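Only one structure is covered here, and it is reproduced in the block below.
Number of protein chains: 10
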Amino acid sequence: MADSSIIEVFPNPHPDRNYLIFHTAHEFTSLCPVTSQPDFARVALRYVAQRTCIELRSLKLYLHSYRNDGIFYEDVTNKILNDLVERCEPRWMELETAWSVRGGIDSVISAQHGDSTVVHRHT
Amino acid sequence: MADSSIIEVFPNPHPDRNYLIFHTAHEFTSLCPVTSQPDFARVALRYVAQRTCIELRSLKLYLHSYRNDGIFYEDVTNKILNDLVERCEPRWMELETAWSVRGGIDSVISAQHGDSTVVHRHT
Amino acid sequence: MADSSIIEVFPNPHPDRNYLIFHTAHEFTSLCPVTSQPDFARVALRYVAQRTCIELRSLKLYLHSYRNDGIFYEDVTNKILNDLVERCEPRWMELETAWSVRGGIDSVISAQHGDSTVVHRHT
Amino acid sequence: MADSSIIEVFPNPHPDRNYLIFHTAHEFTSLCPVTSQPDFARVALRYVAQRTCIELRSLKLYLHSYRNDGIFYEDVTNKILNDLVERCEPRWMELETAWSVRGGIDSVISAQHGDSTVVHRHT
Amino acid sequence: MADSSIIEVFPNPHPDRNYLIFHTAHEFTSLCPVTSQPDFARVALRYVAQRTCIELRSLKLYLHSYRNDGIFYEDVTNKILNDLVERCEPRWMELETAWSVRGGIDSVISAQHGDSTVVHRHT
Amino acid sequence: MADSSIIEVFPNPHPDRNYLIFHTAHEFTSLCPVTSQPDFARVALRYVAQRTCIELRSLKLYLHSYRNDGIFYEDVTNKILNDLVERCEPRWMELETAWSVRGGIDSVISAQHGDSTVVHRHT
Amino acid sequence: MADSSIIEVFPNPHPDRNYLIFHTAHEFTSLCPVTSQPDFARVALRYVAQRTCIELRSLKLYLHSYRNDGIFYEDVTNKILNDLVERCEPRWMELETAWSVRGGIDSVISAQHGDSTVVHRHT
Amino acid sequence: MADSSIIEVFPNPHPDRNYLIFHTAHEFTSLCPVTSQPDFARVALRYVAQRTCIELRSLKLYLHSYRNDGIFYEDVTNKILNDLVERCEPRWMELETAWSVRGGIDSVISAQHGDSTVVHRHT
Amino acid sequence: MADSSIIEVFPNPHPDRNYLIFHTAHEFTSLCPVTSQPDFARVALRYVAQRTCIELRSLKLYLHSYRNDGIFYEDVTNKILNDLVERCEPRWMELETAWSVRGGIDSVISAQHGDSTVVHRHT
Amino acid sequence: MADSSIIEVFPNPHPDRNYLIFHTAHEFTSLCPVTSQPDFARVALRYVAQRTCIELRSLKLYLHSYRNDGIFYEDVTNKILNDLVERCEPRWMELETAWSVRGGIDSVISAQHGDSTVVHRHT
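Protein chains in written order, with my numbering: chain C, 521 to 643; chain L, 521 to 643; chain H, 521 to 643; chain P, 521 to 643; chain G, 521 to 643; chain R, 521 to 643; chain F, 521 to 643; chain A, 521 to 643; chain V, 521 to 643; chain Y, 521 to 643.
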C-alpha cells in the first residue's frame, strides 16, 4: 500500500542557491485498477529544494510501495507529486511518469507544482 | 468507418491542476483516398484536461475505426482533433500524425486547439 | 482476403549465380483471429532465386491482402513462405515476421525453405 | 506464486517444419530472496516447436505470477525453462533473462534445452 | 530542368486553423555547377497553409526535376522556397536542405518566408 | 550511360597477403526501367585483391555513370560485380546494393564472385 | 582530499567577447558518505570567462582529488561550483553532475552562478 | 601556418533574405602548444550572410592550414571566427569547436559575432 | 588492496545444465602503475558454472578493492580471471575489460579459461 | 616521417595464456600521396601476444608519425601491420583502418598476420 510516511528528507546543504535536482526511477510498477494487470513506468522527479532535499533510498522505497496498488496513470502521477510536495516543500517540482505500451499506445503524464521560473538550466 | 461516438471520457481526478497528458499510438493505419493503398502513421495526442480525460482503450478503438477509410493526411489530422475536442473539452490539445515514407518523402501534420500557455513542461 | 495469385514473378536476369535478394516490408497488418484487433508486423523475405524473381509491386499487394484477415502469427508466417515458394521456386528462402508489442511481449517468427548453404553473405 | 499450470499450448499449425518462434517479455519483475527488494528483467524465449506452441496470453500471465516471489536469477531462469519445456515439449528451447543494474552490475542468464542444430536463422 | 509548373495544390480542408505541415524528402540530388559532380541532400519543407496545400506527388516530381541541373546549395534552397511560396501562398514556410559530406564538410541551408509566430508546436 | 571502361586499377602494393578492401558508396542513384522514377541505393564493395586494386576516384565516376540509366535492382547489382571482376581480377569479391523504401519495402541484393574462404576478418 | 588550490587559471585570450566554454569530465568518482561505497558521475562544466580561463589539466587533477572523499551528490555539486567560481571569477558558470544508477534511480544535480543571459548558443 | 587569405567569398545569391548557412567540418586537427601532440575537433560554422557567402572549398583549405600550428582551444575558436567575420562580413556568425577527449575530458568552445535575432530556425 | 578472499560463492542451483551467466560491471576503476592517474573500465564476466556460482555482491566488493591499486590493463585482466577461476572452478570462464580513451586510444583485453565449446548461445 | 623504431614493447605478463588485446586509435591522420590533402582514419589493432606486448604510449606516437606522410590506404595498412609484427612478434595480429568519406565513399582495409585460430572470443 503506497505510504507517503516512508519519504524522508534531509537539510538542503546549499539553501541559498536555486539549483536543480533530477531523480529518474526506471523501475516503477503498479496495477491497472480495472484489469489488475501490471503497469510499468519510468518516473522522473525534478525539483528546486527550499529547506529540505528528498532522501534517495526513501524515495526508492516509497515508489516500491505502489507495487500492488491498483491506480490510474493520471491519478498516481498527481498523488506522488502531492505527497512529495507535502514532505519536501520545494520551490518548484515536476513529476513525470512514462508508461509502457498498452494496446499499441504509450503514455506520459507530467504535472508541476510551484513557479518554474525560479531556475533555468542551460541545454 | 471512423466513429467519434466510440470515444469515452472519465472525470479528471485532479481538475484543479493544469497537467499534461500525452498518448502516442504507434499503429495507426488508413487508406489513401486516391489509390486505396494503405497509409501508416504514428498518432501523438497531447492535452491538458479540464473536467474529463480520454479513456485509453476507447481511444485505441476510435483510431482503429479509420482502418478502411480513405482520407487525406491533412484532413484526418484535423478531424481526429475536432472529434477529441468535442468529446473531452480540453483546456489545450495537440494532435500530430507522422506518416511513413511515400515516394521518398515522409510527412508530419500537427494541429492544435486552445491556449498552449496553460502549462509548460520542463525539458 | 489473402490471395497468392497476386504474386507475380519475372525471369532471373543472372540465373547462373547464387546471389541473395532481401525485401523488408515495414507495414504489414492483419487481424487477431480471437479478438479481431489489428496486429502489426515487419515482414522480411530473403531468398536465392532459381529461374524467377518475385516482382516487388505484386509482393506489396499480396502482403496488403492480409489486411482484414484473422490469422495467428505462426500460421501467417508459414503460409506466406509456402505461397512465395510455390510461385517463385527459389533455391533457398526465409520468411521472418516481427510483431509489435502485445501485453508487454514482442514476437518474431522465422521459417525457411530449402538449403541455406547455397550462398553465404560476408558480414 | 509462480504457477506453471497457467501455461497453455495450442497445436503447432506447421509441425513438419523446424521454424523458430521468439517471444521477448519486456516487463518481468520478481523479488530478491535476500532483501525482498524488487528485481526487473527482460525475458527472451526462443524455441522450435514440435507438436504444440505456447499460447502468448498465458505466457504473459505465467510470467506475471512471479511478481511477488523471492527467487535468485540463476534459479528463476532455469525454472521458467523447465516449466515451459514440460508443457510444450519443444525440439529446442532457450530462455534468457537480462536483469537491471544492481550495485553497478547488470546480469544475463541464458539456458538451453535440446539440440540447437535443428534450425538455423539467416542473420 | 527544374520546373515550378509541376507543383500542384489542392484546397486546404481546414483553412480556419493554423496547423503545421512537414514534408521531408530524403532523396534529393542535383549537380555541382562547377565540377558537374552529383550532390545529394535531404529537403525538409515545413509550412502553415492558407487557402491551398501542396500536393505530395507533384512535390516529389518537382524535386526530381533538379536531377540534372547544376546549381549552388544557397541558390537552390532559396529557389525551391520561392517557387513553393508562389504556388501555395502559405501563411509561413521554411525550406531546409541538408547536404552530404564534401571534403569532410557537411552543410545545411535554411530559409523562411512569412511570419513564424502564426503557430507553435509543442515539443 | 554506365561505362565499365571508366574503372581504373593500380598494382596491389602487398600482393602476397590476402587482405580485405571494403568501399561503401552512399550516394548511388539510377532510374526505374518501368516508371523512369529515380532509385537510390548504398553500394558496398568488398574484395580481396590479386594483382591489382580498384582506384577509388574511378570507382566513384563509374558508379555515377548509372545516374540516368533505367535498370532493375537484381540486374545492376550483378552487372557492377561483373564489370569490377573483369577489370580487377580479384581473388574474391562481393557487391551489395541496399535500396531506399519503395511502397513500404526496402531491398538488399548481394552477389559474390570467387572463393570467400581466402580470408577471414575478426569481428 | 579534495583541494581547490590545485585549480590553475590562465589569461582569457579574448576577454572582450562573451563566448562559451564547456568541459565534460566522463570519469568522476567519489564515495558515498553513508556506506563508503564508490559513486560515479559525469561532470559537465559550462562557463563564460571574464579575465581568466580554467586550465584543463589542473581541472582534471582537481576532480581526481575527490576520489576517496565521502560526500553527498547535492553537496559536491555546489562545492565544485563554488571552488571554480572562486578561482576563475566567471561572468556565468554552470556545474552539472550526472550520477550512475543506484537502486534503479539515476540522478542529475545542476547548479549555476551568475547571469545566464550574458550569452546564447544557437542550437 | 594558418592563413586567412585562403578564405574566398562569392556574392550572396539572395541578399534580401536572412537565411541560415551551416557548415560542419568533421576533420579539423591542430597541435597542442604545450606538448606538440595532435588535437582533433569538429568545427561547426553557422551564419547569416550579408553581401557575400564563404566558398566551401576555400573553407576546407583554410581549416587544413592549422594542421601543424600549436594553438589553444579558446584561442583558435575565436581566431577562426575573427578571420571569417573579416572576410565575409556576415549579419550574424557562430563558430563552435568540439574537441576529442583528453585526460577523460572533452571540450566545446562556442563564440558568436553579431545579432542572433536576425533569423530563427524552426526545430 | 585487491583481495580475492572477498569473493563468495553459492551452490549452483542447476548443476546438471551448462547454462551461461554474464555479469557486466560498469564502474571499475584502478590506477596506472606508471603515472598513478586513475583508469576506468567496464568489466564483463561470462562463465558456465560447475558446482558453485559467484555471489554478486561479493563480486562488486572484490572489483572495488582494485580502486587504489596501480596495475597494467593486461595484468589486471588475467589476475581477475585467475582469482575468479580459483574461487569458483567454472567449466568455462571469460573476463573482458574495456578501458576508457587514453591518448585517443581505447583498449579491450579479453582472456578465457577452460573449454568454450561446453555451451552455445543463440544470437 | 613514419618511424617504426618508436614502437616499444614490454614483457607479456601472462605469456602462457592466448588472450586478446584490442587497441583502437580514433585519431589517425596522414596525407593523400596524389593530392596532399589530409586523410583521417580509425585504426584498430587486435592481437594475441607471445613474449612481448606493445606499449600504448609508443603506439600512439608511432601512429602520429604518419601525420605528414603521403601514403595510400592499402599501403599504410599493411605497413603498420608489418612494423608491429616485426617489433612484437605476436601469435596473431589484425590491423584494420576505417577511412572518412571521400567522394561519397568510405573505405575499410583489413589485414592479418599469423593463425587466427589461436584464440576465440565469446560474442
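C-beta atoms are modelled at their ideal positions from N, C-alpha and C, and glycine is treated no differently. Note that the structure is a prediction, hence the values are computed from the model and not measured.
Boundaries of the alpha helix (DSSP H) around E606/R: 593-608. For R571/C, the number of other beta carbons within 10 angstroms of its own is below 16, and it is reported as exposed. Between the alpha carbons of L579/G and S525/L lies a gap of roughly 36 Å.
CA-CA distance, G590/C to Q557/C, rounds to 9 Å.
For V628/P, the closest Cβ of chain V is nearer than 8 Å. Shown here for E528/G: same chain residues with a beta carbon closer than 7 Å to its own, the five before and five after excluded, namely E575, S578 in chain order.
Straight-line measurement puts the Cα of H534/L at about 34 Å from the Cα of W619/L. Taken in chain order, the whole alpha helix (DSSP H) runs of length 4 or more contained in the stretch 542-590 of chain V are 576-584. Judged by pairs of C-beta atoms under 8 Å, the stretch 537-554 of chain G touches the stretch 588-604 of chain L, as three or more such pairs exist.
Under a criterion of Cβ atoms nearer than 9 Å, no residue of chain C is adjacent to T549/L; the nearest Cβ is some 11 Å distant. Chain A places no beta carbon closer than 8 Å to that of P558/F, leaving this residue out of the contacts. By the Cβ test, the stretch 539-548 of chain G is in contact with the stretch 608-628 of chain L, since at least three Cβ pairs between them sit closer than 8 Å. Y593/R is positioned such that its CB atom lies closer than 8 Å to that of T617/R. Within chain A, the residues placing a beta-carbon under 8 Å from that of G623/G are L576, R577, K580, ordered along the chain.
The beta carbons of V568/F and P531/F sit no closer together than 8 Å.
Ranked by Cα distance from V605/H, the options V628/H, R566/H, T637/H are led by R566/H. Across the structure, I629/Y and D595/P are spaced so that their CA atoms are roughly 46 Å apart.
Residues of chain A whose Cβ lies closer than 9 Å to the Cβ of F592/G are, in chain order, F530, P533, C573. Any Cβ of chain C closer than 8 Å to the Cβ of A569/F would place that residue at the interface, and such an atom is absent. Chain V has no Cβ within less than 8 Å of the Cβ of T597/Y. Secondary structure of I527/R (DSSP, three-state): coil. Sixteen is the threshold: since fewer than 16 other Cβ atoms of the shown chains lie within 10 Å of the Cβ of D523/P, the residue is exposed.
Taking A631/C as the centre and dropping the five residues before and after it, the same chain places the C-beta of T597, N598, L601, E614, L615, E616 closer than 8 Å to its C-beta, in chain order. In this structure, the alpha-carbon of C608/P lies about 12 Å from that of H633/P. The beta carbon of L601/F sits no closer than 8 Å to any beta carbon of chain A. Neighbours of A631/L in chain G, taken as residues at a C-beta separation under 8 Å, are given in chain order as H534, R537, Y539, L540. The CB of A618/A never comes closer than 7 Å to any CB in chain G; the least such distance is about 14 Å. Between A561/R and chain Y, the shortest Cβ-Cβ separation is not below 8 Å. For H633/Y, the enclosing beta strand (DSSP E) stretches over residues 625-634.
Comparing alpha-carbon positions, the option among N588/A, A564/A, T637/A lying closest to F542/A turns out to be A564/A. In the DSSP secondary-structure assignment, R622/C is bridged to I625/C. Residue environment for D559/Y: buried (at least 16 other C-beta atoms within 10 angstroms of its C-beta). According to DSSP, M613/V shares a beta bridge with Y567/V, H633/V.
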